[in-house]
């Protein structure tokens, strides 16, 4: 009905033109064009002012790169892989499968923070993020292992419904180490190399899995490099990724225990988040002080950073909580 009304406006324009002054005529044409844009699905104007699915084939990769470089500390391996993976996936006009990335590391190392940066880059407007960025917390949404059959059906319907509405949907699964074993395999068909399933194409979707499992192994590798006086920049990514794949597949508490997603190689990237050192915690504190509008007090920064560097107990190289509690400690000391 709305489109018919717009068409009616266009039909009347030639009749009205001769009776109107040039300025009035221009305004009439502009008004009709605006109405047409607002009522057309996925029009640029509608998407500019209202929530709209991101149908672009490219993301704002330079903006994403800047955010990762300026806001994420001590995670050169993770940010490099994330940037390359998203760049390649967004350039592909018709990806053969969804992009699937699994983030691993201790709490406070930036897994959730990076997922938020990705979401903001994908959908800048809050209403659009609310509609097209979807988050499931294993503890909150899947608390009872005995209900796994029901959860599988709900999860399948949830993904199918959201991708039907918006092919460029972002799905974030947090607390994967708390997910009932076998549940995540229920979404395997949607992550495979397929053109469509019952008319729904999943190739443009993005799946992120956030997992504490594997964090201890990552820390062992980082600590071993430090003790051999090698920089963390020398840690080989391929070795960490292979180790993570095997670790979470054999770990009953990873959410991927004996998972077909790993057996079928459907997880594209296992991304390690390294433990944060004293200097990285200092950067987090500086950023938090700026965010709260405080001056950068070097004595305060050192005091908080030293108190948070607590692992291993004899060396105190890393922060066992990463930057997780920085905000509360800044609040307490300012």
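Numbering (mature numbering (1 follows the signal peptide of the UniProt record, and there is no 0)), first residue to last: -19 to -1, 1 to 315. From the three backbone atoms N, C-alpha and C, an ideal C-beta is built for every residue, glycine too. Model, not experiment: these values are computed from the prediction.
*At least three beta-carbon pairs within less than 8 Å, the region 267 to 274 to the region 189 to 203*: no
*Straight-line gap, residue 58 to residue 82 (C-alpha atoms, nearest Å)*: To locate residue 58, count along the chain shown from 1; it is residue 77. To locate residue 82, count along the chain shown from 1; it is residue 101. Roughly 13 Å separates the two Cα atoms.
_Validate contact between the region 165 to 179 and the region 53 to 72 using beta carbons, cut 8 Å, 3 pairs_ = no
_Counterpart residues of residue 118 in DSSP-defined beta bridges_ = As a first step, residue 118 must be located in the chain shown, where it is residue number 137. Looking at the DSSP assignment, residue 118 forms a beta bridge with 155.
_In whole angstroms, give me the CA-to-CA distance for residue 166 and residue 237._
To locate residue 166, count along the chain shown from 1; it is residue 185. To locate residue 237, count along the chain shown from 1; it is residue 256. Near 8 Å, if we compare the C-alpha coordinates of residue 237 and residue 166.
_Can you list, in chain order, the residues of its chain with a C-beta nearer than 7 Å to that of residue 148? Leave out the 5 residues immediately preceding and following it._
The count along the chain shown starts at 1 and reaches residue 148 at position 167. Within the same chain, residue 148 has close Cβ partners 182, 185, 186.
*Looking only at its own chain, which residues have a Cβ that is under 6 Å from the Cβ of residue 159, when we skip the five neighbours before and after it?*
Counting from 1 along the chain shown, the entry for residue 159 is found at position 178. If we look at residue 159 and ignore the five residues flanking it on each side, its Cβ neighbours are 119, 120.
*So does residue 194 have its beta carbon nearer than 6 Å to some heavy atom of the ligand MG?*
Looking for the ligand MG in the displayed structure turns up nothing, as the structure carries no ligands at all.
*Starting from the N-terminal side, write out each stretch of the alpha helix (DSSP H) that is 4 residues or longer and does not extend beyond the region 76 to 146.*
92 to 103, 107 to 113, 119 to 122, 129 to 146
*By a C-beta neighbour count over all protein chains shown, 10 Å radius and 16 as the cutoff for buried, is residue 313 buried or exposed?*
Locating residue 313 in the chain shown gives position 332, counting from the first residue. By the 10 Å Cβ count, residue 313 comes out exposed.
_Close-in-space but distant-in-sequence residues of the same chain around residue 235 (CB under 8 Å, 5 per side omitted)_ = Taking the chain shown and counting its residues from 1, the one referred to as residue 235 is at position 254. Within the same chain, residue 235 has close Cβ partners 157, 158, 192, 194, 195, 228, 229.
*If you compare alpha carbons, which of 290, 289, 264 is closest to residue 278?*
Here the question's residue 278 lines up with position 297 in the chain shown. Of 290, 289, 264, the residue nearest in Cα terms is 264.
*Going by alpha carbons, who is nearest to residue 54 out of 296, 256, 301, 293?*
As a position in the chain shown, residue 54 is number 73, starting the count at 1. It is 256 whose Cα lies nearest to the Cα of residue 54.
*Cross-strand partners of residue 190 (DSSP beta bridge)*: In the chain shown, counting from the first residue as 1, residue 190 sits at position 209. 83, 154, per the DSSP bridge assignment.
_Among 216, 260, 138, nearest to residue 287 - alpha-carbon criterion_ = Sequence index remark: in the chain shown, residue 287 carries index 306 (1-based). Among 216, 260, 138, the Cα nearest to that of residue 287 is on 260.
*Mind the definition here: the region 202 to 214 touches the region 118 to 137 only if three or more C-beta pairs lie below 8 Å; say whether that holds.*
no
*Could you tell me whether the region 127 to 134 touches the region 81 to 100, using the rule of 3 or more Cβ pairs below 8 Å?*
no
_Spatially closest choice to residue 226 from 241, 216, 35, 154, by CA coordinates_ = Locating residue 226 in the chain shown gives position 245, where the first residue counts as 1. Minimum Cα distance to residue 226 is reached at 241.
*In the DSSP assignment, find the beta strand (DSSP E) that holds residue 252 and state where it starts and stops.*
Here residue 252 is taken as the residue at index 271 of the chain shown, counted from 1. Here the beta strand (DSSP E) through residue 252 covers 250 to 254.
*Classify residue 275 as buried or exposed, calling it buried when 16 or more other Cβ atoms lie within 10 Å of its own Cβ.*
Translated into the one-based positions of the chain shown, residue 275 becomes position 294. It is exposed - the Cβ of residue 275 has fewer than 16 other Cβ atoms within 10 Å.
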